[in-house]
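Numbering (the working numbering), first residue to last: 189 to 606.
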């Protein structure tokens, strides 16, 4: 039996008030949003005296409304320019339709619940902070002109409670996602740091230095410097993306290279085998830019492959100039190699420097977006290439930071200087 409406629109039944207050109390508890929204609908059916209630949430990604109460599988969706729910969403205003059968918009996009014919409908927007649209509540009645001023007063009160529940849920989800991300970043950073040499190898006749300066978030940078059979193995890599995945990919590549060499593979064979294995293992949108090479300290010859990593800088101490080497191949893991690629070679003269520099230096940008670039790097080497490698590395990093000014470091900075 339908209840009679109150004469004073500002009055509300004791039962309805108690249930609304109960909902307000429960908003502070970690209750799942769908259950709480369904409870708000049930309270509204009593307080507003409606046969049914419908709640739509705004999907900002798809720019439409999704019905969450009652719930259907697959969910019912409505565009923002469709039906009274869509009009309520775009106008942010309450609308009270007294006779649905005579309303063209309702006939085009009807809202029906099994068990009765909808004759009246009250549409109430759910608005958050700064009047942000969160959703729409609709109350359905079986009688013509069923909803009055009392309902137009209670409806926004219920919508306000729904807004709190929705925003509380969104904030909780965001905090949880951030906590998971922070944990992932911490693990990725631990993996990343564990790959770095604890001390620089001793190379006869050479000064060797590696430098790693991470950002707040974790990228896929790494470097390696290790003596293998009397030669210096040099690696600088950068896996695409940030977080656990790229850090693990870079570490996987480093481990595979070391195992290949310890099993007797030469540089060309190891490069092809590791590339092909990563091409099989990595997702299609993942790859690694990497320089890998050997320095023979007796002959002063460097042989190397550079899969997407560049430019490679060779500072010539005699003329005080820089030679730049482009990548010799596409990034590691993009596609398989047939094994025919042969390493490039260069020779170092006394005082020369081979510099592997990540894009965190070249692309360090000031507040105006201008990048540090190759010319500034070359000028610094021409001026300071005679310094010990540790001092040269620090001077290069300091110069990039001074150029950037107040602009934050956007990417890991990784250097290998030989």
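The C-beta atom is built at its ideal place from N, Cα and C for all residues, glycine as well.
- Counting only runs that start and end inside the region 282–312, the beta strand (DSSP E) elements of at least 3 residues fall at 283–285.
- With contact defined as three or more Cβ pairs closer than 8 Å, the region 381–391 and the region 354–363 are not in contact.
- Annotation: the continuous beta strand (DSSP E) that includes residue 483 extends over 476–484.
- By the criterion of a C-beta distance shorter than 7 Å, residue 542 is surrounded in its chain by 490, 502, 536 and 606, once the five residues flanking it on both sides are discounted.
- Note: residue 373 is not bridge-paired with any residue in the DSSP secondary-structure output.
- In its chain, beyond the 5 residues on either side, no residue has a beta carbon closer than 6 Å to the beta carbon of residue 443.
- The DSSP-derived three-state label of residue 360 is helix.
- The region 388–398 makes contact with the region 562–578: 3 or more CB pairs, one atom from each, lie closer than 8 Å.
- Judged by DSSP in its simplified three-state form, residue 503 adopts strand.
- Less than 8 Å divides the Cβ of residue 544 from the Cβ of residue 422.
- By the Cβ-count criterion, residue 519 is buried, with 16 or more other Cβ atoms from all chains shown falling within 10 Å of its own Cβ.
- Annotation: the region 517–542 contains no complete segment of the alpha helix (DSSP H) (minimum length 4 residues).
- When the alpha-carbon of residue 283 is set against those of 254, 515, 337 and 230, the nearest one is in 337.
- With 16 or more other Cβ atoms inside 10 Å of its own Cβ, residue 601 counts as buried.
- Judged by pairs of C-beta atoms under 8 Å, the region 581–597 touches the region 544–557, as three or more such pairs exist.
- The beta carbon of residue 317 sits closer than 8 Å to the beta carbons of 355 from its chain, once the five residues preceding and following it are set aside; these are given in chain order.
- Proximity to residue 428 across 342, 511, 274 and 473 peaks at 473, based on C-alpha coordinates.
- Ranked by Cα distance from residue 487, the options 363, 311, 419 and 238 are led by 419.
- Here residue 399 is buried: its Cβ has 16 or more other Cβ atoms, across all protein chains shown, within 10 Å.
- If you ignore the 5 residues before and after residue 254, its C-beta comes within less than 6 Å of the C-beta of 245, 247, 263 and 265, all in its own chain and listed in chain order.
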